[in-house]
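Data first, discussion second: the structure below is written as structure tokens.
Residue numbers (full-length UniProt numbering): 1 to 148.
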């Protein structure tokens with residue numbers, strides 16, 4: 001097969017075949033990992049399958065082989081602000097639920113659940129602190145002095 005004939009295959013077709021190959025390799029790797037003499041080759045096969053899956057997913061997004069990747073798209077401020085506000089509301093609801101679960105676990109004496117709840121609660125707490133700053137910076141627009 002000549003190399004020039006490979007360009008006749010579209011990136012979407014090649015991506016679909018690559019994704020299916022990666023999935024099949026990952027499933028076979030799962031069976032190999034379960035059997036001790038073949039677990040190391042199974043782990044290597046799982047890595048190869050995962051890489052093929054990722055490459056195939058990227059190829060599926062391209063229309064032609066000459067398309068740049070990643071495609072340049074100017075960020076839409078309204079969409080960014082909407083997503084940040086939705087995440088902000090989600091975190092504002094999620095944090096009290098986590099704290100209530102931690103308090104309930106503390107009352108029952110299950111301290112590992114308290115530690116887990118507080119550890120997981122760090123993320124929404126930081127997000128609640130950071131999201132207003134991000135929202136303000138997106139609303140202001142790019143700063144030409146900083147090159148952003």
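All C-beta atoms in this analysis are idealised placements derived from N, C-alpha and C, irrespective of residue type, glycine included.
Contacts around residue i, its chain only, beta-carbon distance under 7 Å, and the 5 residues preceding and following it disregarded
| i | result |
| --- | --- |
| residue 99 | 121 |
| residue 125 | 95 |
Element boundaries [alpha helix (DSSP H), containing residue i]
| i | result |
| --- | --- |
| residue 78 | 77 to 108 |
| residue 12 | 11 to 33 |
| residue 123 | 111 to 140 |
| residue 39 | 39 to 61 |
6 Å Cβ shell around residue i - same chain, five flanking residues per side excluded
| i | result |
| --- | --- |
| residue 106 | 114 |
| residue 118 | 102 |
Close Cβ partners of residue i (< 8 Å) along its chain, the five nearest in sequence each way excluded
| i | result |
| --- | --- |
| residue 25 | 45, 46, 48, 49, 52 |
| residue 64 | 10, 11 |
| residue 151 | The chain is shown from 1 up to 148; residue 151 falls before or after that span and cannot be answered. |
CA nearest to the CA of residue i, picked from the options
| i | options | result |
| --- | --- | --- |
| residue 87 | 135, 15, 27 | 135 |
| residue 80 | 131, 15, 18 | 131 |
| residue 17 | 92, 103, 34, 60 | 60 |
| residue 69 | 140, 141, 139, 55 | 55 |
| residue 57 | 123, 116, 15, 73 | 15 |
| residue 90 | 39, 76, 110, 128 | 128 |
DSSP state of residue i mapped onto helix, strand, coil
| i | result |
| --- | --- |
| residue 36 | helix |
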